[in-house]
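First comes the structure, then the notes that go with it.
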Amino acid sequence: MQGIGDSSKILTNIGLIHATLGEHEAAVEQFNAATQLDQYLAVAYFQCGVSNFLLGRYELALKDFEEALLYLRGNQAINYEQLGLKFKLYSAEVLFNKGLCLIYMGNLQAGVADLEAASREQATAEHAVIDDALRDQGDGYTVFSIPIGVLYRPNERKMRNAQARDYMGKARLVAASDADDAFTGFTGVTRLKMGITPTNTFV
1 MQGIGDSSKI LTNIGLIHAT LGEHEAAVEQ FNAATQLDQY LAVAYFQCGV
51 SNFLLGRYEL ALKDFEEALL YLRGNQAINY EQLGLKFKLY SAEVLFNKGL
101 CLIYMGNLQA GVADLEAASR EQATAEHAVI DDALRDQGDG YTVFSIPIGV
151 LYRPNERKMR NAQARDYMGK ARLVAASDAD DAFTGFTGVT RLKMGITPTN
201 TFV
């Protein structure tokens, strides 16, 4: 039986695939299902916010990013790699996305304040764009997101420990009254090839 963690990862993967295909409504459904199973899954709130933002649902996206920030629990980043997802969720990216939502909702002052907070939290070279967005007050910028193709993958140790299972078993001969009958094939066809007709006469 799968644990809640595994099920929420699968739902997150399905959401990520929908998002990659541009099916953001379906993606949001999957991310919401994932966070219903695991309410602490910050990365699912984050990506749900991305899909809601791209659908123009800025209020819902803002709520998602607020949840992601809450479950970062004051940390600058959460590294999901040990859980099978090659992605680090940074507070700078969540704050930036939150700020963009506020700007798109017409709340420029609060939005710029979040961009400033994001700027102070920068942790990678990719975050340099935050200062550009701050200078332009978010105009023409879009949200940070999990890169395309990044999905939860099974833990390598788990995969090594997984044993191959043979559900079919080995094919074996159950009974043969004559050693000449101990073969695999269609009896009639084989007998005809040997020159014997169904009435046991040689052709």
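When the letters of the sequence shown are read in order and numbered with the UniProt record's numbering, they come out as residues 1 to 203.
Every residue gets a Cβ at the ideal spot worked out from N, C-alpha and C, and that includes glycine.
- With contacts defined by Cβ atoms closer than 8 Å, ALA92 and ALA118 form a contacting pair.
- Pairing ILE14 with VAL150, the inter-Cα distance amounts to about 12 Å.
- Straight through space, the alpha carbons of TYR45 and LEU100 are spaced by roughly 16 Å.
- Residue state for ILE148 is assigned as coil, using DSSP reduced to three classes.
- LYS86 carries a coil assignment under DSSP once its states are collapsed to helix, strand and coil.
- Counting of Cβ neighbours within 10 angstroms places ALA19 among the buried residues, the total reaching 16 or more.
- Closest by C-alpha distance to TYR71, out of GLN39, ASN79 and GLN137, is GLN39.
- Closest in alpha carbon position to GLU121, among LEU21, GLU29, ILE148 and ASN75, is ASN75.
- Apart from sequence neighbours up to five positions away, the residues of its chain that approach ALA42 with a beta-carbon distance below 7 Å are ALA68, TYR71, LEU72, ILE78 and LEU89, ordered along the chain.
- Across the set PRO154, MET105, ALA26 and LEU21, the C-alpha of MET105 shows the shortest separation from the C-alpha of ALA61.
- Scanning its chain for C-beta atoms nearer than 7 Å, with the 5 sequence neighbours on each side dropped, one finds around VAL28 the residues CYS48, SER51 and ASN52, in chain order.
- Per DSSP, ASN79 is one residue of the beta strand (DSSP E) stretching across 77 to 79.
- The C-beta of LEU95 has 16 or more other C-beta atoms within 10 Å across all chains shown, which makes the residue buried.
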